[in-house]
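Working notes, structure below.
In my numbering, the protein residues as written are 1 to 333.
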């Protein structure tokens, strides 16, 4: 392996995490990484003083360019658009990879930011880059970056208050919800769901599990879930994985991935606030194959429990977080 390839490979996971958090798409993140590699491979490494800084800057700008394409694509998207889930296998070692990817619920909130706000939020709040480091990456002054960071942080706080639900509790609630939803247990659903719960079903017009718009309210969501339970899927197998570090249910039909279900809890962890279902087959191409055994939801739980809830931690503790080892040190005011 050449030195050029080794340097890129050493930073690939960092680049993927940054770009995925900016775009919410595994497929598009991989495309951006390919473009970043081409830009990197075409340069003389001796001319680049800080390879990591260069690679991050190229990847961020490529991701910003992709944002405009993605937004146009979503204008014609059928039904609710949800981020492409990053599903990991039950292998605990697998959960140690890409730990800086944000939860699906937070990625949904980030969709409401402008591309620059989202880039700054990702770099500053998640990866602890200083404003002075971000400024040259996106061609803005440090003062402008601080304003973008402030707006993004306030926006996220308003739509997703700081919360950190115990992963074991979320696991238990996920199990109960799946059993009630597919068992048609209306009473249990009414107990689990918050009064203002929202069901987001992303089928992209290519799945019967999708819907034209979000369904809101406990009564409406419960009725929809119970009606679907009355029409069982042949060859359905429900397995448990991690999506962006959170417990989830992965549905397989005749051994092929059919849908990913993620529940998001209320701040106090007492009920389910949102249900996210991704069944667009285009967004399930990276779901790992069904294992030979049905994994327990406890598989990989310790690793998941150690993963920080980035939305709360980042927003509430951003001033005190270190940026890790980077080629160029920086500090915020």
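We put the beta carbon where it would ideally sit given N, CA and C, even for glycine.
Check	Outcome
Simplified DSSP state of residue 212, which is helix, strand or coil	coil
Residue 145, DSSP secondary structure in three states	helix
Proximity test, residue 267 beta-carbon vs the ligand MN heavy atom, cut-off 7 Å	Among the components modelled here there is no ligand, and therefore nothing to report on the ligand MN.
Start and end residues, alpha helix (DSSP H) containing residue 277	Where residue 277 is concerned, there is no enclosing alpha helix (DSSP H), although the beta strand (DSSP E) it sits in stretches over 272–278.
Member of 158, 250 and 203 whose CA lies at the smallest distance from the CA of residue 182	250
Residue 230 classed as buried or exposed, judged by whether at least 16 other C-beta atoms fall within 10 angstroms	exposed
Which listed residue (195, 2, 129 and 51) has its alpha carbon closest to that of residue 11	51
Cutoff 6 Å; reference residue 287; Cβ partners in own chain excluding five residues on either side	87 and 257
Contacts around residue 144, its chain only, beta-carbon distance under 8 Å, and the 5 residues preceding and following it disregarded	135
DSSP state of residue 118 mapped onto helix, strand, coil	helix
Own chain, CB closer than 8 Å to residue 64, minus 5 neighbours either side, in chain order	22, 115, 116, 119 and 138
Reference residue 36, options 56, 152, 3 and 25, closest by Cα	56
Inter-residue spacing [alpha-carbon to alpha-carbon] between residue 9 and residue 70	26 Å
Reduced DSSP secondary structure (H/G/I, E/B, other) of residue 264	strand
Residue range of the alpha helix (DSSP H) that includes residue 240	Unbroken run through residue 240 is the beta strand (DSSP E), 236–243; no alpha helix (DSSP H).
Own chain partners of residue 205 with C-beta closer than 6 Å, once the 5 adjacent residues on each side are dropped	78
Distance, residue 277 Cα to residue 180 Cα	15 Å
Cβ-based neighbour list, residue 247, same chain, cut-off 6 Å, excluding 5 preceding and 5 following	170, 171, 174 and 297
Option nearest residue 265 by Cα separation, candidates 106, 59 and 43	106
Beta-carbon spacing of residue 243, residue 262 below 8 Å	yes
Terminal residues of the beta strand (DSSP E) in which residue 193 lies	193–202
Anticipated Cβ contact below 8 Å, residue 53 with residue 15, distance rounded	Wrong, their Cβ atoms sit about 12 Å apart, outside the cutoff.
Buried versus exposed, by CB contacts within 10 Å (16 or more), residue 236	exposed
Buried or exposed (CB count within 10 angstroms, at least 16 for buried), residue 20	buried
Integer-rounded CB distance, given that residue 192 should sit under 8 Å from residue 213	At roughly 22 Å, the Cβ-Cβ gap does not stay under 8 Å, so residue 213 and residue 192 are not in contact.
Assigned secondary structure, residue 252 (DSSP; H/G/I helix, E/B strand, else coil)	strand
Reference residue 240; option with closest CA among 202, 155, 259 and 148	259
As assigned by DSSP and simplified to three states, the class of residue 400	Outside the displayed range of the chain (1 to 333) lies residue 400, so it cannot be described from this structure.
Simplified DSSP state of residue 259, which is helix, strand or coil	strand
Residues sharing a beta bridge with residue 87, DSSP	243
Three-way DSSP call (helix, strand, coil) for residue 125 in this model	helix
Rounded separation between residue 152 and residue 254 - CA only	43 Å
Distance CB(residue 80)-CB(residue 25) smaller than 8 Å	no
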